[in-house]
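Chemist:
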Amino acid sequence: MRNSVISPKSFLVAVMLHLAVAPASVVPAADVVAGRSLAEWTAELQTSSPVARRRGVLSIGAFGKSAVPVLTKALAHEDAVVRYWAASELGDLGDDAQPAIEALRQLHGEKAIGVRIAAAYALCRVGQVEEALPTLLEGLKHSERGVWNSSADFLARIGPPAKAAIPTLEAEGKRGADHIADICNEALRRIRGVDQPVPSKTSNPTQGDVAGGKASKKVTSAAVFSKSFLDEDVSRFAKSVEKRKQPNVLWISAEDISPSLGCYGDSYAVTPRLDQLASEGMRFTRCFTHAGVCAISRSGLITGMYPVAIGSQHMRSQIVLPPQVKAFPEYLRAAGYWTTNRSKTDYNFPPPKAAWDENSPQSRDWRGRAAGQPFFSVINLVTTHESQIRGKFGETLHDPAKAQLPPYIPDTPVTRRDWARYADLLTTLDRQVAAILDQLEADGLAQDTIVFFWGDHGQGLPRGKRWLYDSGTRTPLMIRWPGTLKPGSVCDDLVCFLDFAPTMLRLAGAEVPSHLQGRVLPPIENGIAAVGSRPAASGREFIYGHRDRMDETYDLIRSARDTRFKYIRNYAPRRSYAQNITYMNQMPTMREWRRLNAEGKLTGAAALHFRETKPVEELFDTAADPHEVVNLADRPEHAETLKRMRTALERWQEDVGDSGLIPESLLVTPLKVSDR
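The sequence shown begins at -1 in our numbering and counts up one residue at a time.
1) So which of A332, T410 and Q445 has the shortest CA-CA distance to L600?
2) Can you tell me the Cα-Cα spacing of L659 and C489, whole angstroms?
3) Pull the bridge partners of F373 from the DSSP assignment, please.
4) Just grab the DSSP bridge partners of R472 for me.
5) Please state if the CB of H312 and the CB of D454 are separated by a distance shorter than 8 Å.
6) Cα separation between R188 and G263?
7) Report the three-state DSSP secondary structure of Y552 (helix, strand or coil).
8) Taking the straight line between their C-alpha atoms, what separation do you get for R123 and D151?
9) Taking F374 as the reference, which of G462, L69, R362 and E384 has the closest Cα?
10) Should the segment 293 to 309 be called in touch with the segment 458 to 470, which here means at least 3 C-beta pairs below 8 Å?
11) Can you tell me which residues form a DSSP beta bridge with V68?
12) Which residues mark the beginning and the end of the beta strand (DSSP E) in which A252 is found?
13) If you draw a straight line from the C-alpha of L606 to the C-alpha of A631, how long is it?
14) Which whole runs of the alpha helix (DSSP H) in the segment 451 to 524 are 4 residues long or more, in chain order?
15) Check whether the segment 615 to 635 touches the segment 557 to 567, taking contact to mean three or more Cβ pairs, one atom from each stretch, closer than 8 Å.
16) Answer yes if the segment 508 to 525 comes into contact with the segment 541 to 555, meaning at least three C-beta pairs across the two stretches below 8 Å, and no otherwise.
17) Count the other CB atoms within 10 Å of the CB of L395; is the residue buried (16 or more) or exposed (fewer)?
18) Check whether the segment 378 to 391 and the segment 253 to 261 are in contact - that is, three or more C-beta pairs closer than 8 Å.
19) Please classify E328 as buried or exposed, where buried requires at least 16 neighbouring CB atoms within 10 angstroms.
20) Just list the residues that DSSP pairs L73 with in beta bridges.
21) Please return the same chain residues whose Cβ sits closer than 7 Å to the Cβ of S224, not counting the five positions on each side in sequence.
22) How should T70 be labelled, buried or exposed, when 16 other C-beta atoms within 10 angstroms of its C-beta is the threshold for buried?
23) Answer with buried or exposed for S46, where buried requires no fewer than 16 other C-beta atoms within 10 angstroms of its C-beta.
24) Tell me where the beta strand (DSSP E) around I541 begins and ends.
25) Restricting to Cα atoms, I'd like to know which of G525, D560 and T343 is closest to C494.
26) What's the gap between the Cα of V19 and the Cα of S64?
27) So F618 is in the beta strand (DSSP E); what residue range does that whole segment cover?
28) For I566, list the residues DSSP reports as bridge partners.
29) Using a Cβ-Cβ cutoff of less than 7 Å, which residues in the same chain neighbour L664 once the five nearest sequence positions on both sides are dropped?
30) Tell me, which residues are paired with T447 by DSSP?
31) According to DSSP, simplified to helix, strand and coil, what is G658?
32) When DSSP labels each residue in this structure, what does M588 get in the three-state scheme?
33) Using alpha carbons as the reference points, say which of L105, K243, D90 and A130 lies closest to V66.
34) With distances taken between CB atoms, is the gap from P257 to D428 smaller than 8 Å?
35) Where does L600 fall in DSSP's three states?
36) Are the segment 431 to 451 and the segment 334 to 353 touching by the rule of at least three beta carbon pairs closer than 8 Å?
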C-alpha cells in the first residue's frame, strides 16, 4: 500500500530540495525539453490543471538519469495519472531507476490496476522480474481492453526477461478479436527476440471489428471535458433558427486518399470526373483531419468533437459517448431530414440508431425519402483503401516508372508498383463518383443538391496513413453548390473535419450546439450570408492533430499546423517511428522498407523512419519542405516560430482537456469505456 499521498505543493518543495543537493556528476540527457528546464517541468506537477501535470511528468523522463529523483517523488503524487507516468518513465530509464525500487514497491497495493501494472513494468526493468511479473500477468487477463493492451505492451518493452509470460500470452492470443492476437504476438516476438512480425489474421480490411466488446451503461464525462456542458438535447436543435429552404446534401467519401488528383496538380493522376466536379464548385487546398486513420477521423467528423475530448482516440476501442454528445445526423433527422448512410460507420463507438433512417449497403439513398423531404445521404467508397493497394493484381494501368515517390520512400520496383496501384485505384474511384453524380442528374436533383467530396484521411501508404504529417492528414475536399459557390473557385483557408458537423447544421437552418469544437466552413457561412443571414465567416489560425494507440501499438503524438508550419510534439520519444503494426506491415512497400533497413541499405530521408528514438519536437516548413523531412526545431532562426506553435498546441490541449494524456488502462475507469 502507498503510505501516503503527497499534495502537489508538498511534492514540489521536496523535489526542489533534492535538486538543490543533487550530485554535480549527474549529467542530464537534455538541458531543456520542449522549451523548459527540469525545474520548470517539475513545477508543472503542482498546477491545478490536470493536462499541465500530465504533460509535465511525460516531459521529465527526457532528462535521463537526473530525472530519477523527481519521478521517484512523483510516485506518491495525488494524481493517479501522474503516478502511472512516473512509474512508466522510470521503467524506460532501466537500471538508472534502481534508486526508485522501494517507492515502486509501495504501489503494489494501489487501487488502480493501471498504476500497479506500470509499477510492475518499472520493477521488471530494474531486475525485479520474479516479484513484479505476476501483476502484469494479472493485467493480461483483465476484462478491460485498455488494461490488457497496456500489460502486453509493457511485456513487449521488457523483452526476453519476461519469458515466463510466454504461456499466458500464447493463451490470450488465441482468443478474442484479431487485434488482441496482434498485441500478444508482438509481445511474444519481442520476448523471443524474433526479428520479423507475425502476419495478421485481420479479416475485414475496411470496417474493423468491435474489439472493445460490450459497452458499459454508465459514463462520467467530468474527467474528460474541460468545460461543463449546457443541458442540451436533440429536440432543442430541431427548431429551425432561419426560415429558408433546407437544401439536399450528398456526401461522397473516399478512403485513404491524399489530394492526389488532377485538379490538385497531380500530373500522374487520371481523375477526369473529380476534376470536373472541382471545376463546377469549390476546391479546398488546406482541409485536414485531426487523425490519420479512419475510425478516429470519423469519430470526430460525426460528433463535431475532437476524439481526445470524448475518449475515442484509441484505434479499435468502443467508448460510450457522454450523454450530451450526439452524432450530428440525429439533429438533422429531428429537423426533418431523410438521412442515409451507405454504409461505413467505424466511429470507435456503436453507430447511434437515431442517426440514420437507413444505414446499410442496401440503402436507397435519397430515393427512400418522402415527397419534398430534404435529404442528407452519405455514400462511402472503399476502393482506395490501403488493403486494395496490397491486393493481388496484374499489370498496372499507370506506368510505375513514372510514379512520383516521396523522398522518404526507397526507390525500388516494389515501391513504384504500390504507387502505381494507388493511382489505378484513384482512376477506378473517379468512375464510381461519375456514376453517382450521373444518377443524381438523372433523378433531376443535381441543381438542388449540395455535393461534398472528401477523403477520410491521407493516402494508405507508409508514412501517410496513421501519421500526423500532411501525407496522413491532408485530404481533398470539394463542394459543389449550384448558384452559390462560384464554379472553379478555390478556398485556401485552414479547415478541418470538426467543421463538417456545424456546417451541416447551418445548412439545415438548425441551431449549432455550443459544445461542438469546429466552426462553419467559411465559404458556406459566406454563401448563407450572401442571402442576408449573418455576417461573413473568418478563417482559423491553427488546426490540430493527435496520434494515440494504432491497433496494437501505443504512441502519443500531438501536432499544430498553420498555413505554413507544422509543429509535432512527441510525448513518447523512446518509441521508434518504425514500431510494428501488424496490419500496416502487410503493405509491400512497408516490407520492402523494413528489408532494406535490415540490410543497412537506407540512406538520407528514407533512413529517418528507422531511428531508434524520435525527437521530442519537430518543426517543418511545409512550403519549402512539403514532405516534412527537414526538422527545423533546433535551428535558432526558427526559435520564435517553434515557441509560437508550441504555445498554440499546449493551449489547445488545455481547451479540449486532452484525454490522451490519461493512459488507456486508467481511462477506462472514469469513462467506463468498455469491457472486453
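Note that the Cβ used here is the ideal one computed from N, Cα and C, for glycine as well.
The structure displayed is predicted, hence computed values, not measured ones.
Modeler: By the coordinates alone:
1) On the sequence shown, residue 600 is found 602 positions in, with the first residue counted as 1. For the residues A332, T410 and Q445, the minimum Cα distance to L600 belongs to T410.
2) Numbered from 1 along the sequence shown, position 661 holds the residue referred to as residue 659. Numbered from 1 along the sequence shown, position 491 holds the residue referred to as residue 489. Cα to Cα, L659 sits roughly 34 Å from C489.
3) Numbered from its first residue, the sequence shown carries residue 373 at position 375. Bridge partners of F373: W336.
4) Stepping through the sequence shown from its first residue, residue 472 is reached at position 474. Paired residues: F286.
5) Position 456 of the sequence shown, counting from 1, holds the residue named residue 454. Position 314 of the sequence shown, counting from 1, holds the residue named residue 312. No, the Cβ-Cβ distance between D454 and H312 is not below 8 Å.
6) As a working mapping, residue 188 is identified with position 190 in the sequence shown. As a working mapping, residue 263 is identified with position 265 in the sequence shown. Using only the alpha carbons, I get a separation of about 44 Å.
7) The residue you call residue 552 lines up with position 554 of the sequence shown. Here Y552 sits in coil by DSSP.
8) On the sequence shown, position 125 is the one that residue 123 refers to. On the sequence shown, position 153 is the one that residue 151 refers to. Computed Cα separation, rounded: 13 Å.
9) Your numbering for residue 374 matches position 376 in the sequence shown. It is R362 whose Cα lies nearest to the Cα of F374.
10) no
11) The sequence position of residue 68 within the sequence shown is 70, counting from 1. Per DSSP, V68 has no beta bridge partner at all.
12) Here residue 252 corresponds to residue number 254 of the sequence shown, with the count starting at 1. A252 -> beta strand (DSSP E) spans N246 to A252.
13) What you label residue 606 is simply residue 608 of the sequence shown in a count that begins at 1. What you label residue 631 is simply residue 633 of the sequence shown in a count that begins at 1. When rounded, the distance between both Cα atoms is 15 Å.
14) 468 to 471 and 498 to 505
15) yes
16) no
17) Position 397 of the sequence shown, counting from 1, holds the residue named residue 395. With fewer than 16 Cβ atoms within 10 Å of its Cβ, L395 is classed as exposed.
18) yes
19) In the sequence shown, residue 328 corresponds to position 330, counting from 1. Buried.
20) Residue mapping note: residue 73 aligns to position 75 of the sequence shown, counting from 1. Answer is none; L73 lacks a bridge partner.
21) Position 226 of the sequence shown, counted from the start, is the residue given in the question as residue 224. Below a pLDDT of 50, predicted positions are generally treated as unreliable, and S224, at 35, falls in that range; the measurement from the model is reported next regardless. Scanning its chain for C-beta atoms nearer than 7 Å, with the 5 sequence neighbours on each side dropped, one finds around S224 the residues E652, D653, V654 and G655, in chain order.
22) What you label residue 70 is simply residue 72 of the sequence shown in a count that begins at 1. Flag for T70 reads buried.
23) As a working mapping, residue 46 is identified with position 48 in the sequence shown. Exposed, since its Cβ has fewer than 16 Cβ neighbours within 10 Å.
24) Taking the sequence shown and counting its residues from 1, one reaches residue 541 at position 543. Segment I541 to R545, the beta strand (DSSP E) holding I541.
25) Indexing the sequence shown from 1 puts residue 494 at position 496. Nearest C-alpha to C494: D560.
26) Counting from 1 along the sequence shown, the entry for residue 19 is found at position 21. Counting from 1 along the sequence shown, the entry for residue 64 is found at position 66. Any reading at V19 must be qualified, since the residue scores a pLDDT of 33, below 50, and its modelled position is unreliable; the value itself is stated next. Cα to Cα, the separation comes out at about 12 Å.
27) By 1-based counting over the sequence shown, the position of residue 618 is 620. Element bounds for F618: E615 to D619.
28) Taking the first residue of the sequence shown as position 1, residue 566 is located at position 568. Answer is S557 and E616, bridged to I566.
29) Sequence index remark: in the sequence shown, residue 664 carries index 666 (1-based). Hits under 7 Å: A78, V79, Y82, A110 and G112.
30) Along the sequence shown, one-based indexing puts residue 447 at 449. DSSP output for T447 lists N246 as bridge partner(s).
31) Numbered from its first residue, the sequence shown carries residue 658 at position 660. Helix at G658.
32) Counting from 1 along the sequence shown, the entry for residue 588 is found at position 590. Reduced to three states, the DSSP call for M588 is helix.
33) As a working note, residue 66 is residue 68 in the sequence shown. Of L105, K243, D90 and A130, the residue nearest in Cα terms is D90.
34) Here residue 257 refers to the residue found at position 259 when the sequence shown is read from its first residue. Here residue 428 refers to the residue found at position 430 when the sequence shown is read from its first residue. In this structure, D428 does not lie closer than 8 Å to P257 by Cβ.
35) Residue 600 sits at position 602 when you count from the first residue of the sequence shown. It is coil, neither helix nor strand.
36) no
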